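Peer 1: Handing you this structure, nothing more for now.
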Amino acid sequence: MLLEVRNLVAKLTDGEKLILKGVDLTINDGEVHVIMGPNGSGKSTLANVIMGNPKYEVISGDILFEGESILELRTDERAQKGIMMTFQNPYEIEGVKLEQLLLIAYRKLHGEDKTFFQLDKEMKNLVDEVSLPHEFLERFVNLGFSGGERKKGEILQARFLKPKLLILDEIDSGLDVDALRIVASQINKLKEEGTSLLIITHYARILNYLDVDKV
């Protein structure tokens, strides 16, 4: 078992209203789970709480990752363990090129197991797979990116960094059919490579392209 959420109760740190009320969730290695529902139903809250966003406070319950509680871990410590989350509106990082971000993050997670030339080749192959030009790697992260470019960039980062658990928050929002197919194909490849996924969405259309274990 990779992830187990046990009777989780949570709220905004500066609020009183409970958003999550006794949530249970289990994701095994290599599984793809999809959570659907309207705005305000707590989907994104669950994702943020799993990732350790300090804007949210856990009142009771537990989150186990690979059999160990991660409630006391900071967001960066959870990332170091292999949990990654993409955002509905990814942040812009002026002054940092996408290639730089990917290399730094890869070294942090995986060490020196591959040379720069190997990693550079992997990055360029992945850019090709998501139908973007190689120059995309030289641009500042998300700065001036279109909505589709941001989503492709997010899934490209996930393929490159190879997390154990990937949480996708509205990865399909705002995508045309062609971009949706590209993103979905990358999600399926992540599953084939052993990554477990928790996908949060409003729309059922992405399910037409995915190999899903549970909705």
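Using numbering that gives the first Met the number 0, the letters of the sequence shown correspond one by one to residues 0 to 214. For every residue, glycine included, the Cβ atom is placed at its ideal position computed from N, Cα and C. Computed from a predicted model, the values in this text were never measured in an experiment.
Please list, in chain order, all residues of the same chain as Val-22 whose beta carbon is under 7 Å from its beta carbon, the five residues on each side excluded.
Peer 2: Counted from its first residue, the sequence shown places residue 22 at position 23. Val-4, Leu-7 and Leu-45, listed in sequence order.
Peer 1: Just mark Thr-114 as buried or exposed, buried being the case when its beta carbon has 16 or more other beta carbons within 10 Å.
Peer 2: Reading the sequence shown from its first residue, position 115 is the one you call residue 114. So Thr-114 ends up on the exposed side.
Peer 1: Run the CB neighbour count on Val-31, radius 10 Å, all protein chains shown included, and call it buried at 16 or more, exposed below.
Peer 2: Counted from its first residue, the sequence shown places residue 31 at position 32. Buried.
Peer 1: Rounded to the nearest angstrom, what separates Arg-18 and Ser-145 at their Cα positions?
Peer 2: Along the sequence shown, read from residue 1 onward, the residue named residue 18 stands at position 19. Along the sequence shown, read from residue 1 onward, the residue named residue 145 stands at position 146. Just to set this straight, residue 18 is Ile in the shown sequence, not Arg. If you take the alpha carbons of Ile-18 and Ser-145, they lie about 32 Å apart.
Peer 1: Let me know if Val-182 comes out buried or exposed under the rule of 16 or more other beta-carbons within 10 Å of its beta-carbon.
Peer 2: Against the sequence shown, residue 182 aligns to sequence position 183. Looking at its Cβ environment, which holds 16 or more other Cβ atoms inside 10 Å, Val-182 is buried.
Peer 1: Buried or exposed for Asp-171, please, with buried defined as at least 16 other CB atoms from any protein chain shown within 10 angstroms of its CB.
Peer 2: In the sequence shown, residue 171 corresponds to position 172, counting from 1. By the neighbour-count rule (16 or more Cβ atoms within 10 Å), Asp-171 is buried.
Peer 1: At the level of alpha carbons, what is the spacing between Pro-132 and Lys-123?
Peer 2: Residue numbering aside, residue 132 sits at position 133 when the sequence shown is read from its first letter. Residue numbering aside, residue 123 sits at position 124 when the sequence shown is read from its first letter. Between Pro-132 and Lys-123, the C-alpha separation is close to 9 Å.
Peer 1: Can you give me the Cβ contacts of Tyr-20 inside the same chain, cut-off strictly under 7 Å, excluding the 5 residues immediately before and after it?
Peer 2: Locating residue 20 in the sequence shown gives position 21, where the first residue counts as 1. The amino acid occupying residue 20 in the given sequence is Lys; Tyr does not appear at that position. Closer than 7 Å at the Cβ level, and outside the excluded window around Lys-20, lie Val-8.
Peer 1: Looking only at C-alpha atoms, which of Gly-66, Asp-75, Gly-36 and Asn-27 sits nearest to Met-50?
Peer 2: Reading the sequence shown from its first residue, position 51 is the one you call residue 50. Comparing Cα positions, the closest option is Asp-75.
Peer 1: Per DSSP, Thr-25 is paired with what?
Peer 2: Along the sequence shown, read from residue 1 onward, the residue named residue 25 stands at position 26. Note: Thr-25 sits in a beta bridge opposite Glu-3.
Peer 1: Identify every residue that forms a DSSP beta bridge with Met-35.
Peer 2: Residue mapping note: residue 35 aligns to position 36 of the sequence shown, counting from 1. The partner list for Met-35 (beta bridge, DSSP) reads Thr-200.
Peer 1: Inspect the beta-carbon positions of Glu-121 and Ser-184 and report whether they are closer than 9 Å.
Peer 2: Stepping through the sequence shown from its first residue, residue 121 is reached at position 122. Stepping through the sequence shown from its first residue, residue 184 is reached at position 185. For Glu-121 and Ser-184, no; Cβs fall outside 9 Å.
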